[in-house]
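So the structure is just underneath, and the comments pick up after that.
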Amino acid sequence: MTKGPFVAEVDAILDGAGLTNAKVREYVRYWAEVTGPESIEVVSVADDARLVQEALDAGEILPAGEGLYYSRSYYKDTARSEERTIVATSNESDKGVYNNWRPAAEMKELLTGLMRGASAGKTMYVIPYLMAAPGSPLEKYAVGVQLTDNRSVVLHMNRMARVSPEHVNNLADPDHFVRAVHVTGDLENLGQGTPQDKRYFVTVADERTILHFGSSYGGNALLGKIAHGLRQASYDGWSSGTFLGEQFMLLGITDRQTGKKWHIAGGFPSASGKTNLAMTLPPDALGDRYHVDFYGDDIAWMWVGEDGRLYGMNPEFGVFGVAKDTNEKTNPGALDAIKPGTRAIFTNVAYNEKTHETWFEGRTPQPPADLDGWLDWKGNRIADRTPEQAGEPWAHPNSRFTTTLANVPNIATDFDKPAGVPIDGIIFGGRTRDREPLIRAITDVAEGVYDGLTLGAEATFAADGLDGQLRYDLMSMRPFMSYPEGPYAAHWLKIIGECTDQPIFAHVNWFQRDAEDGHFLWPGYRENLRALLWLMQLRDGDVSGVASPVGILPTKDELNLDGLDIVPADLDTLLSIDVDRWKQEIGFREAHLAQFPGLPEEIWTAHRRVAAALEEEE
Ligand code: GTP
Ligand code: SPV
Ligand code: MN
634 MTKGPFVAEV DAILDGAGLT NAKVREYVRY WAEVTGPESI EVVSVADDAR
684 LVQEALDAGE ILPAGEGLYY SRSYYKDTAR SEERTIVATS NESDKGVYNN
734 WRPAAEMKEL LTGLMRGASA GKTMYVIPYL MAAPGSPLEK YAVGVQLTDN
784 RSVVLHMNRM ARVSPEHVNN LADPDHFVRA VHVTGDLENL GQGTPQDKRY
834 FVTVADERTI LHFGSSYGGN ALLGKIAHGL RQASYDGWSS GTFLGEQFML
884 LGITDRQTGK KWHIAGGFPS ASGKTNLAMT LPPDALGDRY HVDFYGDDIA
934 WMWVGEDGRL YGMNPEFGVF GVAKDTNEKT NPGALDAIKP GTRAIFTNVA
984 YNEKTHETWF EGRTPQPPAD LDGWLDWKGN RIADRTPEQA GEPWAHPNSR
1034 FTTTLANVPN IATDFDKPAG VPIDGIIFGG RTRDREPLIR AITDVAEGVY
1084 DGLTLGAEAT FAADGLDGQL RYDLMSMRPF MSYPEGPYAA HWLKIIGECT
1134 DQPIFAHVNW FQRDAEDGHF LWPGYRENLR ALLWLMQLRD GDVSGVASPV
1184 GILPTKDELN LDGLDIVPAD LDTLLSIDVD RWKQEIGFRE AHLAQFPGLP
1234 EEIWTAHRRV AAALEEEE
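For what it's worth, my numbering labels the leading residue of the sequence shown as 634, then goes sequentially.
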């Protein structure tokens, strides 16, 4: 192979950056030869201000107020792409229902071909990162080095992960780091969404190598987050038999009156409220007594501590949050985290090229009245819209903000503690317009895991005549599964089973609607804390609830309703079970679970127990 002029200089560049790990150097050299960039640069978070200035000068980002930035992605590159996402290994038994398994050798050859020469004329940034607090018991699974040919991706990684060469230099095993290669590709000629689609987002899980080609947005491009933090981590957790890596938020609740502190982790499918919940302010009436601490909003790694409790931590260092509907009422904490001076980056929201303001749907009830200077997320002038275009959103529905954890006002003071925090409760929640009550608690581990495996979010199945059926999203991990569902369930049972002091499980639903006029029965957002408080009191034995076939429900007087304005009939519905709808659901669940070979017998037993209890109900 002919070596580009840069290759001779690679060693000097790595020396200059203090990157001493010989295995990392070998990896950088190898991929530099494949992708053929013009130059190479090693990144540390200390370089962020300079890189921001370079990106501003190059027009890759735009100023969006003091210490705030704006970026746009290519208009066909705005979200994760499940059908182009693949988990590859050398062992066909790793093939599951949702992981899109392919043979590792085939994928490596394909991706190497796509990436060959594809960074010509660009800089290849080397981003050494850590997806854990230094000193964490899971630190060895958290080390990675991303290569990217996109400066905006570097700026995002600087906010979302701990970035510095020091994280990869003195590894106990210098070869044990995730190799995460990102090549943007020619975004305008990738055939996104057509049969000729050239994008591939591959995690070669048994080689701890990530190869993403054809995007510069979100989890497709920031490889520490979804590809490493979820797909690779859940595979590592399973293959080592030691931890769980899940799409979970993680929060703490402190009762100032009693001094008690609880921690709750929970899985909600994408765009179902994890960020909102973890940033929750208590309702005004409870604000003097309770405080919510933010630990994480998208990923939790969980393991069994020496004291027999389940511990959890957020491997990320920032928030990549949904912009839509973020406002003073729904999430004041998020607004604080993206205020002037936070160095936050907005992507695909609307932008005013004269005033440098940003706007997105739900930020204010109405869009800005004066259209002067406003551009939609594609960069088109709002004032030039035709009458037919008038109703189109200004921002993309998946537009996001990126900000570091330190900017979140309720960030826990101990969020960086290497030991993590003990988890008292695990909750699952989807968007469910009927059937699911506000909260139902589950004390049996197999039944709790079963509940996670049958988590669903509303989909458009109604159109296909399957009214009431959900798009099942087991543990909210469907798009991130890296190994088969049967072993996944068994691994969950093993990890929680090893705890001598087990967390309580619960299913929550903030999205139940009135059958007639469709209004949300529960006010949601800050009020959600009331359900979590009840769950923690149940765990502590301070309330007992009422048994139902699908778990323990709060009674009206157990739920703290101080200062809450709610229609009594709505509350009745929120705290009751629609047995007929549940019986119908059992049939759907059976078909869902039957897809997964090797599902542990305990899960089927839990399913049959719930089904039998429903049959006995009047
Ligand atoms: P990802 O980052 O995609 O994984 O999503 P997420 O789970 O963090 O979702 P997020 O918190 O950003 O919530 C997305 C949407 O849910 C927003 O439109 C919120 O306004 C809405 N939402 C969150 N909590 C509630 C609630 O309690 N009630 C209602 N009705 N809507 C809510
Ligand atoms: C999600 O889609 O669930 C996200 C955003 O959290 S991304 O990182 O792009 O996957
Ligand atoms: Mn997510």
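Beta carbons: idealized from backbone N, C-alpha and C, even for Gly.
Same chain only: Cβ atoms within 6 Å of E799, ignoring 5 sequence neighbours per side
none
To the nearest angstrom, how far is the alpha carbon of D1097 from that of G750?
Caution applies to D1097, whose pLDDT of 47 falls short of 50 and renders its modelled position unreliable; the value that the coordinates give is listed next. Rounded to the nearest angstrom, the two C-alpha atoms are 45 Å apart.
Could you tell me if the beta carbon of D710 falls within a distance shorter than 6 Å of some heavy atom in the ligand SPV?
no
Express the C-alpha separation of Q1135 and G906 in angstroms, rounding to a whole number.
25 Å
Candidates E1218, F1113 and L1168: closest to W734 by CA position
F1113
If you draw a straight line from the C-alpha of A718 to the C-alpha of F834, how long is it?
According to the sequence displayed, residue 718 carries Thr and not Ala. So the alpha carbons of these two residues sit roughly 5 Å apart.
Can you grab the Cα-Cα spacing for the pair E693 / S785, in whole Å?
7 Å
List the endpoints of the continuous alpha helix (DSSP H) containing V1041.
No alpha helix (DSSP H) contains V1041, which DSSP labels as neither H nor E.
Tell me the rounded alpha-carbon separation between T1093 and L1071.
Below a pLDDT of 50, predicted positions are generally treated as unreliable, and T1093, at 48, falls in that range; the measurement from the model is reported next regardless. When rounded, the distance between both Cα atoms is 22 Å.
Taking C-alpha atoms, which residue in G1184, Y923, R1104 and D1067 lies nearest to E1149?
D1067
State yes or no: is the C-beta of S905 nearer than 6 Å to some heavy atom of the ligand GTP?
yes
Does DSSP put H789 in a helix, a strand or coil?
helix
May I ask whether a heavy atom of the ligand GTP can be found less than 6 Å away from the beta carbon of W1143?
yes
Assuming E949 contacts K858 under a Cβ cut-off of 8 Å, what Cβ separation, rounded to an integer in Å, is found between them?
7 Å
Report the three-state DSSP secondary structure of L647 (helix, strand or coil).
helix
With distance defined between alpha-carbon atoms, name the residue in V778, W992, G995 and F1048 nearest to N654.
V778
Taking DSSP's pairing of strands, which residues face D839 in a bridge?
Its beta-bridge partners do not exist; DSSP assigns none.
Looking at the structure shown, is M946 part of a helix, part of a strand, or coil, going by DSSP?
strand
Counted within 10 angstroms of its Cβ, other Cβ atoms place Y702 as buried (16 or more) or exposed
buried
Can you tell me whether T827 is helix, strand or coil according to DSSP?
coil
Taking 7 Å as the limit between beta carbons, can you name the residues of its chain near L684, skipping five residues before and five after?
R784, V787 and L788
Taking 6 Å as the cut-off, is the beta-carbon of Q880 closer than that to any non-hydrogen atom of the ligand MN?
yes
Contact check, P897 vs G1130 under 8 Å by CB: the rounded distance?
Correcting the residue type first, residue 897 is Ile in the shown sequence and not Pro. At roughly 20 Å, the Cβ-Cβ gap does not stay under 8 Å, so I897 and G1130 are not in contact.
Can you tell me the Cα-Cα spacing of N724 and L1226, whole angstroms?
23 Å
Name the DSSP bridge partner or partners of V675?
V759
Check whether the segment 1220-1236 and the segment 1189-1209 are in contact - that is, three or more C-beta pairs closer than 8 Å.
no
Taking all protein chains shown into account, decide if A645 is buried (16 or more other Cβ within 10 angstroms of its Cβ) or exposed.
exposed
Can you find the residues in the same chain that come closer than 6 Å, C-beta to C-beta, to A1095, ignoring five residues on each side of it along the sequence?
Note that A1095 has pLDDT 42, beneath the 50 cutoff, so the model's placement of it is unreliable and the number below is only indicative. Here the set comprises nothing.
I want to check one thing, is the minimum distance from the CB of F1153 to the heavy atoms of the ligand GTP below 6 Å?
yes
From the DSSP secondary-structure annotation, give me the bridge partner or partners of H1140.
F1061 and R1073
In angstroms, rounded to a whole number, what distance separates the CA positions of P807 and D926?
36 Å
Measure the CB-CB distance between P1182 and E1250 and report whether it falls below 7 Å.
yes
Beta-carbon within less than 7 Å of Y1083's beta-carbon, same chain only, minus the 5 sequence neighbours each way: which residues are those?
I1236, A1239 and H1240
Check the DSSP bridge columns for E777 and list the partner residues they point to.
One point to set straight first is that residue 777 is Gly, not Glu, in the sequence displayed. In DSSP, G777 forms a bridge with Y762 and V811.
Can you give me the Cβ contacts of M793 inside the same chain, cut-off strictly under 7 Å, excluding the 5 residues immediately before and after it?
L855, G857, K858, E949, F950, G951, F953 and T1035
Using alpha carbons as the reference points, say which of Q1170, R1033 and R1104 lies closest to A1074.
Q1170
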